[in-house]
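As numbered in the numbering used here, residues 50 to 300 make up the sequence shown, in order. The beta-carbon is built from N, C-alpha and C at its ideal position, and this holds for glycine as well. Note that this is a predicted model, so its numbers are computed, not measured. To start, the structure under review is shown below, and the notes come after it.
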Amino acid sequence: MSTLIELQELSKAFGDLHVLRGVDLSFADREVTSLIGQSGTGKSVLFKCMMGLIEPDQGRVLYEGKDLHELDEDSLAEVRRSFGYAFQDDALFDSMNVGENIAFPLREVLGMRKRRQLRERVAEMLDWIELPGIEKKLPSELSGGMRKRVGIARALAIKPKVLLFDEPTSGLDPVLGQTINDLVLRVNKELGLTCILITHDIPAAFRISDRVVFLHEGEVIAQGAPAKVMRSDHDMVRRFIENSFSSTEGA
Ligand SMILES: Nc1ncnc2c1ncn2[C@@H]1O[C@H](COP(=O)(O)OP(=O)(O)O)[C@@H](O)[C@H]1O
Ligand SMILES: [Mg+2]
Numbered sequence: 050m051s052t053l054i055e056l057q058e059l060s061k062a063f064g065d066l067h068v069l070r071g072v073d074l075s076f077a078d079r080e081v082t083s084l085i086g087q088s089g090t091g092k093s094v095l096f097k098c099m100m101g102l103i104e105p106d107q108g109r110v111l112y113e114g115k116d117l118h119e120l121d122e123d124s125l126a127e128v129r130r131s132f133g134y135a136f137q138d139d140a141l142f143d144s145m146n147v148g149e150n151i152a153f154p155l156r157e158v159l160g161m162r163k164r165r166q167l168r169e170r171v172a173e174m175l176d177w178i179e180l181p182g183i184e185k186k187l188p189s190e191l192s193g194g195m196r197k198r199v200g201i202a203r204a205l206a207i208k209p210k211v212l213l214f215d216e217p218t219s220g221l222d223p224v225l226g227q228t229i230n231d232l233v234l235r236v237n238k239e240l241g242l243t244c245i246l247i248t249h250d251i252p253a254a255f256r257i258s259d260r261v262v263f264l265h266e267g268e269v270i271a272q273g274a275p276a277k278v279m280r281s282d283h284d285m286v287r288r289f290i291e292n293s294f295s296s297t298e299g300a
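Below is the structure:
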């Protein structure tokens, strides 16, 4: 497996709040990695640094071996086009219908202008998430699970190489959560994308991931294959995992 993204000694503070404290991580091409850990521990900030949306105070982000910080504007824009980002709350534009939502990054990021091309790509994405023909619906007319899927379709529309999912199952019941986790796996297996997700669904993280990374107070305290992280003897990791499995029993 070749390394697609590498984070070296990444640090980021907001004022006195040291959110990331020297994170070293690498993500292999075409793998599924889950980032887990308590709320407020820097997971979303890590995503934003990876996409070049937040500039780290120290350290480097390498994409295909290239340091984002050293790229000129055009090359950085190209790297950004390799990333799709499915937001924590699906963040669809409420005033736009589904078709316009999915077309938005096609216009803004790819500069796609031809109506037919836009229409075809939107239809292709809706077919792929198994919601064909809902172009004219408004986000408010969709269920929570459908909105999440449309958010993922929008992130996929530009055909990125990496898809970042920030809590894709939050707010969904377990059954709907499962359909979204299955969708993550399809993105990885059928489209061959590198998938990195932040999730609170710990059993799912262990089930669908090639690698699990545990972040605690801005540091990586456990990482590796699910079976390895599951056996971690780090107290914090053990308690977190035990609690998440016991709280889902019988649910
Ligand atoms: N732009 C920002 N300005 C100031 N503080 C921020 C900013 N973004 C995140 N933070 C703070 O950084 C910490 C980590 O946030 P985040 O990465 O969102 O946590 P999580 O692990 O829950 O995703 C939180 O305390 C959050 O309030
Ligand atoms: Mg977050």
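For residue 228, report the span of its alpha helix (DSSP H) as first-last. Looking up residue 228 in the sequence shown gives position 179. Looking at the DSSP string, the run of the alpha helix (DSSP H) that includes residue 228 is 223-240.
Contacts around residue 289, its chain only, beta-carbon distance under 7 Å, and the 5 residues preceding and following it disregarded
For the purposes of this step, residue 289 is taken as the residue at position 240 of the sequence shown. Within the same chain, residue 289 has no close Cβ partners at all.
Requested in this report: Pick helix, strand or coil for residue 60, following the three-state DSSP scheme.
Outcome: As a position in the sequence shown, residue 60 is number 11, starting the count at 1. Residue 60: strand per DSSP, three-state reduction.
- Residue closest to residue 202, alpha-carbon to alpha-carbon, out of 175, 216 and 73: Stepping through the sequence shown from its first residue, residue 202 is reached at position 153. Closest by alpha carbon: 175.
field: Contact test: residue 136 Cβ vs ligand 1 heavy atom, cutoff 6 Å
entry: As a first step, residue 136 must be located in the sequence shown, where it is residue number 87. No - ligand 1 has no heavy atom lying nearer than 6 Å to the Cβ of residue 136.
Across which residues does DSSP place residue 135 in a beta bridge pair? Position 86 of the sequence shown, counting from 1, holds the residue named residue 135. Bridge partners of residue 135: 214.
| request: State yes or no: is the C-beta of residue 92 nearer than 6 Å to some heavy atom of ligand 2? | output: Taking the first residue of the sequence shown as position 1, residue 92 is located at position 43. True, at least one ligand heavy atom lies under 6 Å from that Cβ.
(message) Under DSSP, the alpha helix (DSSP H) around residue 254 begins and ends at which residues?
(response) Taking the sequence shown and counting its residues from 1, the one referred to as residue 254 is at position 205. Residues 251-257.
Can you give me the start and stop residues for the beta strand (DSSP E) that residue 301 sits inside? One cannot answer for residue 301 here, as it falls past the ends of the chain, which runs 50 to 300.
- [ ] Could you tell me which residues DSSP pairs with residue 84 in its beta bridges?
- [x] Along the sequence shown, read from residue 1 onward, the residue named residue 84 stands at position 35. Its beta-bridge partners are 247 and 262.
Report the residue ranges of all beta strand (DSSP E) runs contained in full by the stretch 75-132; include only those spanning at least 3 residues, in chain order. 81-85 and 107-112
| task | Could you pull the start and end residues of the beta strand (DSSP E) that residue 206 belongs to? | result | As a first step, residue 206 must be located in the sequence shown, where it is residue number 157. Note, residue 206: premise wrong, no beta strand (DSSP E); not H, not E.
Task: Beta-carbon proximity check, residue 85 vs residue 255, cutoff 7 Å - done: For this step, residue 85 is matched to residue 36 along the sequence shown. For this step, residue 255 is matched to residue 206 along the sequence shown. No, the Cβ-Cβ distance between residue 85 and residue 255 is not below 7 Å.
Among 131, 292 and 61, nearest to residue 207 - alpha-carbon criterion:
Your numbering for residue 207 matches position 158 in the sequence shown. When each option's Cα is compared against that of residue 207, the closest is 131.
Checklist entry - For the alpha helix (DSSP H) that residue 151 lies in, which residues bound it at each end? => result Numbered from 1 along the sequence shown, position 102 holds the residue referred to as residue 151. First-last of the alpha helix (DSSP H) with residue 151: 147-157.
> Just to confirm, are residue 111 and residue 55 a CB contact at a threshold of 7 Å?
Replying inline: As a working mapping, residue 111 is identified with position 62 in the sequence shown. As a working mapping, residue 55 is identified with position 6 in the sequence shown. For residue 111 and residue 55, yes; Cβs fall inside 7 Å.
Residue 98 to residue 183, Cα distance in whole Å? Counting from 1 along the sequence shown, the entry for residue 98 is found at position 49. Counting from 1 along the sequence shown, the entry for residue 183 is found at position 134. Going from the Cα of residue 98 to the Cα of residue 183 covers about 34 Å.
Kindly indicate which residue of 286, 260 and 77 has the alpha-carbon position closest to the one of residue 275. Residue numbering aside, residue 275 sits at position 226 when the sequence shown is read from its first letter. Per the Cα distances, 260.
Roughly how many angstroms separate the alpha carbons of residue 292 and residue 250, rounded to a whole number? As a first step, residue 292 must be located in the sequence shown, where it is residue number 243. As a first step, residue 250 must be located in the sequence shown, where it is residue number 201. Their backbone Cα atoms lie some 12 Å apart in a straight line.
Quick check: is any heavy atom of ligand 1 less than 6 Å from the C-beta of residue 71? For the purposes of this step, residue 71 is identified with residue 22 of the sequence shown, where counting begins at 1. No; taking the cut-off as 6 Å, the Cβ of residue 71 has no heavy atom of ligand 1 nearer than that.
| message | In the DSSP output, what is residue 67 paired with across the bridge? | response | In the sequence shown, the residue the question calls residue 67 occupies position 18. Bridge partners of residue 67: 62.
Inset, instruction - Measuring alpha carbon to alpha carbon, tell me which of 219, 215 and 239 ends up nearest residue 94. - result: As a working mapping, residue 94 is identified with position 45 in the sequence shown. Looking at the Cα atoms, 215 is the closest of the given residues.
Rounded to a whole number of angstroms, what is the C-alpha to C-alpha distance between residue 191 and residue 221?
For the purposes of this step, residue 191 is taken as the residue at position 142 of the sequence shown. For the purposes of this step, residue 221 is taken as the residue at position 172 of the sequence shown. So the two alpha carbons sit approximately 13 Å from each other.
| said: Within 10 Å of its beta-carbon, does residue 66 have 16 or more other beta-carbons around it, so buried, or fewer, so exposed? | reply: Counting from one through the sequence shown, the residue named residue 66 turns up at place 17. Residue 66 should be labelled exposed.
Check: Among the residues of its own chain, which have a CB less than 7 Å from the CB of residue 204, if the five just before and after it don't count?
Finding: Position 155 of the sequence shown holds residue 204. Cβ within range, chain order: 133, 134, 135 and 212.
* Relative to the C-alpha of residue 79, which residue among 234, 279 and 252 is closest? -> Here the question's residue 79 lines up with position 30 in the sequence shown. When each option's Cα is compared against that of residue 79, the closest is 234.
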